[in-house]
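Just so we're aligned, residue 41 is where the sequence shown starts under the numbering used here, counting upward by one. Ideal Cβ positions, reconstructed from N, Cα and C, are used throughout, including at glycine. Worksheet: one structure, shown below.
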Amino acid sequence: MGLFDRLKEGLRKTRDALGGALVRIVKGRKLDEELLEEIEETLLRADVGVATSARLIDELREAGKRGEVREGEQVLPFLKSHLAERLAAGRIVFAPEKPTVILIVGVNGSGKTTSIAKLAGWLRERGKTVVLGAGDTFRAAAVEQLTIWSKRLGIEIVKQDTGADPAAVAFDAADAAVSRGADVLIVDTAGRLHTQEHLMRELEKIRRVLGKRIPGAPHETLLVLDATTGQNAVQQARRFHEATPVTGIILAKLDGTARGGAVLSIKDELDLPVKFVGVGEKLPDIEVFDPVAYVEALFS
Ligand SMILES: Nc1nc2c(ncn2[C@@H]2O[C@H](COP(=O)(O)OP(=O)(O)OP(=O)(O)O)[C@@H](O)[C@H]2O)c(=O)[nH]1
Ligand SMILES: [Mg+2]
Numbered sequence: 041m042g043l044f045d046r047l048k049e050g051l052r053k054t055r056d057a058l059g060g061a062l063v064r065i066v067k068g069r070k071l072d073e074e075l076l077e078e079i080e081e082t083l084l085r086a087d088v089g090v091a092t093s094a095r096l097i098d099e100l101r102e103a104g105k106r107g108e109v110r111e112g113e114q115v116l117p118f119l120k121s122h123l124a125e126r127l128a129a130g131r132i133v134f135a136p137e138k139p140t141v142i143l144i145v146g147v148n149g150s151g152k153t154t155s156i157a158k159l160a161g162w163l164r165e166r167g168k169t170v171v172l173g174a175g176d177t178f179r180a181a182a183v184e185q186l187t188i189w190s191k192r193l194g195i196e197i198v199k200q201d202t203g204a205d206p207a208a209v210a211f212d213a214a215d216a217a218v219s220r221g222a223d224v225l226i227v228d229t230a231g232r233l234h235t236q237e238h239l240m241r242e243l244e245k246i247r248r249v250l251g252k253r254i255p256g257a258p259h260e261t262l263l264v265l266d267a268t269t270g271q272n273a274v275q276q277a278r279r280f281h282e283a284t285p286v287t288g289i290i291l292a293k294l295d296g297t298a299r300g301g302a303v304l305s306i307k308d309e310l311d312l313p314v315k316f317v318g319v320g321e322k323l324p325d326i327e328v329f330d331p332v333a334y335v336e337a338l339f340s
């Protein structure tokens, strides 16, 4: 399957809830207040979010007044172009000197470890050498899970026993990445809530230690969000970002949810770029976030 087809397939449920539903609603209609209301309801049902939906409806109403959009059939092309515009895409910013250090954070079960494996595979395919740091020392299973992925990918993992200080693992991993001349170090962390102060302090310690060993590290702190939680994920991200600096988002589990509309409000709500989306549990199921392709997949 090509990239776009995989994205389309991953977004199937959201596409049904959003693009599919809109196509049915607008067919043969004139753009009037009644139609605007139905469109807004559809946006909300797909978890686009209250503020973003209201803004889109306002823009659509204004376009109606200008005569730019009269018929229902013109609604989708209008929404497509306006949505793509307001989505912020981001790329991984590589450090001027290797290794680039990517710290992965997020709440329990959001998809961090799986996303790390997928990201590592993605980087390797692009000729980058990767080292993994098993910074989730909380559960034995967490280290095992990452170890299995590292074997499957044939890349090095730095780990310690369960219960070890995650900052110590991070330091070792940074050391290994430097001495191996790796291009990228990706550090896993245990799931945490922004309200768990000791765990947030632990995160700060990990950051400090990484920065001590590698100037400017972590260069990227990617927050992994579970797309199946829709608007909750967006609110959670806001609070997480207030508690610790985040440079971008990986939106995981977009497949199997009809709530993928939430991504459309991330820019409005957070002003953080979505850097990758996860559309499945297998290694190829990660894609660089491309707003135009995303919107196209949502409405095609
Ligand atoms: N369908 C689907 N499942 C995913 C995706 N990403 C992760 N998962 C699944 O979500 C579950 C949790 O993923 P993990 O990667 O272990 O999540 P985590 O954030 O590391 O979890 P903790 O370490 O326990 O906090 C696993 O069953 C993954 O297979 C995705 O993009 N699509
Ligand atoms: Mg994990």
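Pop quiz: residue i and residue j are said to be a contact at Cβ under 8 Å. What is the actual Cβ separation, rounded to whole angstroms?
i: residue 340; j: residue 53; result: Actually they are not in contact, since the Cβ atoms of residue 340 and residue 53 sit about 14 Å apart, beyond 8 Å.
i: residue 43; j: residue 327; result: 6 Å
i: residue 200; j: residue 177; result: 6 Å
i: residue 145; j: residue 173; result: Not really, about 13 Å apart at Cβ, beyond 8 Å.
i: residue 224; j: residue 213; result: Not confirmed; about 11 Å, so no contact.
By the three-class DSSP mapping on this structure, what secondary structure does residue i have?
i: residue 198; result: strand
i: residue 71; result: coil
i: residue 215; result: helix
i: residue 261; result: strand
i: residue 108; result: coil
i: residue 327; result: strand
i: residue 332; result: helix
i: residue 115; result: helix
i: residue 210; result: helix
Given that a residue counts as buried once 16 or more other Cβ atoms are within 10 Å of its Cβ, and exposed if not, what is residue i?
i: residue 180; result: exposed
i: residue 226; result: buried
i: residue 73; result: exposed
i: residue 93; result: buried
i: residue 121; result: exposed
i: residue 110; result: exposed
i: residue 106; result: exposed
i: residue 273; result: buried
i: residue 136; result: exposed
Find the nearest neighbour of residue i within the set the options, judged by alpha-carbon distance.
i: residue 153; options: 222, 239, 293, 297; result: 293
i: residue 80; options: 58, 70, 69; result: 58
i: residue 89; options: 321, 306, 322; result: 306
i: residue 285; options: 269, 241, 271, 266; result: 241
i: residue 169; options: 192, 147, 139; result: 139
For the segment 241-250 against the segment 114-132, are there 3 or more C-beta pairs whose distance is under 8 Å?
no
Stretch-stretch touch, CB-based, cutoff 8 Å, three pairs: the segment 155-171 with the segment 309-323
yes
Counting Cβ pairs, one atom from each stretch, are 3 or more of them under 8 Å apart for the segment 215-223 and the segment 176-191?
no
Within 8 Å, do at least three Cβ pairs link the segment 269-281 to the segment 58-69?
no
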